[in-house]
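Student: Take this structure, written in structure tokens, and hold onto it; I'll ask about it next.
Numbering (UniProt numbering), first residue to last: 1 to 296.
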């Protein structure tokens with residue numbers, strides 16, 4: 001009995017069932033089904049552990065396409081923990097999405113409290129796969145407004161703004177991420193990349209280099225440098241330094257720090273060349289470094 005409980009608990013905690021091959025998934029489903037329907041779960045587990053085992057079986061039933069089984073589990077959880085439970089509410093939205101589609105799931109979630117973290121995140125997951133960009137962003141804004149210390153939500157908001165071409169807003173959201181995780185070198189590089197895209201957008205709109213374009217390029221260099229300060233061999237950061245300083249060098253109007261950016265360009269090229277020669281990076285990073293060295 002202990003072995004079965006440990007197996008089910010581990011599957012729920014790690015979500016390993018999401019990547020299991022079909023045969024192993026069926027075996028886990030069979031084990032879960034026997035344990036849940038035998039009454040052993042109710043006799044041997046405390047409420048939290050009981051909920052987790054039933055939740056696991058619900059997910060396994062959804063994956064296996066056993067809608068009636070998932071519905072029965074959902075009814076059991078609702079009877080035991082109440083329909084006001086935010087976790088039960090999330091499961092019901094998953095069931096509705098699987099059986100009646102995303103519209104019905106969104107209608108159900110819209111009738112629940114907007115301050116529930118699970119409700120907000122489920123709405124966002126559903127909207128992310130739709131073409132309702134403005135509503136998707138609106139729900140993300142609700143999420144970060146209610147849970148401002150959730151770095152993952154700020155990062156998703158930044159990504160949504162980026163997809164919509166709203167570069168200034170994306171950068172703002174990334175700055176919020178950095179307030180929460182200041183040593184995240186990948187986020188620093190992402191600010192740099194978004195600043196480069198913003199600069200390109202501004203330049204395309206004005207057909208020339210403007211002060212705003214130059215400011216975005218300088219900001220890009222600043223954050224790329226911060227990323228390689230935090231992680232010295234970060235290829236994404238060094239390629240960013242190379243691209244950004246190359247674009248600064250192309251500005252016709254000279255300014256006092258131009259020589260500094262030319263030196264940074266040389267340093268970035270030297271570092272990337274060494275990384276490529278020693279193959280001291282992943283294949284994808286090496287390919288990216290070679291491409292940037294060739295074009296810049």
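Don't be surprised by glycine CBs; every beta carbon is placed ideally from N, CA and C.
(1) In this structure, how does DSSP classify residue 85 when only helix, strand and coil are distinguished?
(2) Does the Cβ of residue 195 have 16 or more other Cβ atoms within 10 Å, making it buried, or fewer, making it exposed?
(3) In the DSSP assignment, find the unbroken alpha helix (DSSP H) run with residue 62 in it and report its ends.
(4) Let me know the secondary structure DSSP gives residue 21 once reduced to three states.
(5) Find the nearest neighbour of residue 56 within the set 22, 65, 15 and 229, judged by alpha-carbon distance.
(6) Quick check on the DSSP output: the alpha helix (DSSP H) that includes residue 169 runs from which residue to which?
(7) Applying the 10 Å Cβ sphere with the 16-neighbour rule, what's the burial state of residue 84?
(8) Run through DSSP, which three-state label would residue 183 get?
(9) In or out: residue 247 buried (at least 16 other Cβ within 10 Å) or exposed?
(10) If you draw a straight line from the C-alpha of residue 216 to the C-alpha of residue 174, how long is it?
(11) Report the rounded CA-to-CA distance for residue 245 versus residue 182, giving the unit in angstroms.
(12) Among 88, 161, 291 and 250, which one has its Cα closest to the Cα of residue 203?
(13) Quick check on the burial criterion: 16 or more other C-beta atoms within 10 angstroms. Buried or exposed for residue 150?
(14) First and last residue of the alpha helix (DSSP H) that includes residue 214?
(15) Residue 260 to residue 283, Cα distance in whole Å?
(16) Closer than 8 angstroms is the cut-off here; do at least three beta carbon pairs connect the segment 109-128 with the segment 136-155?
(17) Have a look at 258, 99, 6 and 227 and flag the residue whose alpha-carbon is nearest the alpha-carbon of residue 53.
(18) Taking DSSP as the reference, what is the three-state secondary structure of residue 101?
(19) Would you mind giving the Cβ-Cβ distance between residue 64 and residue 29, rounded to the nearest angstrom? I have them listed as a contact below 8 angstroms.
(20) Tell me the DSSP secondary structure of residue 130 in three-state form.
(21) Of all the options 184, 17, 61 and 276, which has the alpha carbon lying nearest to the alpha carbon of residue 36?
(22) Give me, in chain order, the residues of the same chain whose beta-carbon lies closer than 8 angstroms to that of residue 133; leave out the 5 immediate sequence neighbours on both sides.
(23) Take residue 237 and list the residues in its own chain whose beta-carbon comes closer than 6 angstroms to its own, dropping the five residues that flank it on each side.
(24) Following the continuous alpha helix (DSSP H) through residue 251, name the residue where it begins and the one where it ends.
(25) Spatial neighbours of residue 243 within its chain, please: CB distance less than 6 angstroms, with the 5 preceding and 5 following residues excluded, ordered by chain position.
(26) Between the Cα of residue 180 and the Cα atoms of 154, 197 and 277, which residue gives the shortest distance?
(27) Could you check whether residue 187 and residue 235 sit closer than 8 angstroms to each other, using their CB atoms as the reference points?
(28) Please classify residue 50 as buried or exposed, where buried requires at least 16 neighbouring CB atoms within 10 angstroms.
(29) Would DSSP call residue 268 helix, strand or coil?
(30) Mind reading off the beta-carbon distance from residue 74 to residue 58? Whole number of angstroms is fine, and I expect it under 8 angstroms.
(31) Leaving out five residues on either side along the sequence, give the residues of the same chain with a beta carbon under 8 angstroms from the beta carbon of residue 273.
(32) Nearest by alpha-carbon distance to residue 71: which of 47, 100 and 48 is it?
Tutor: Walking through what the data contain:
(1) coil
(2) buried
(3) 47-63
(4) coil
(5) 15
(6) 167-180
(7) Classification of residue 84: exposed, given that the 10 Å Cβ count is below 16.
(8) coil
(9) buried
(10) 15 angstroms
(11) If I take the Cα positions, the gap works out to 24 angstroms.
(12) 250
(13) buried
(14) 211-230
(15) 31 angstroms
(16) yes
(17) 6
(18) coil
(19) 6 angstroms
(20) coil
(21) Ranking 184, 17, 61 and 276 by Cα distance to residue 36 puts 61 first.
(22) The residues 160, 163 and 164, in chain order, have a CB closer than 8 angstroms to that of residue 133 in the same chain once the five nearest residues on each side in sequence are set aside.
(23) Result list for residue 237: 189, 224, 227 and 228, in chain order.
(24) The continuous stretches of alpha helix (DSSP H) do not include residue 251, and DSSP gives it neither H nor E.
(25) Within the same chain, and ignoring the five residues on either side of residue 243 in sequence, the residues whose Cβ sits closer than 6 angstroms to its Cβ are 296.
(26) 154
(27) no
(28) Residue 50 comes out buried.
(29) helix
(30) The Cβ separation is near 6 angstroms, so the contact holds.
(31) 293
(32) 100
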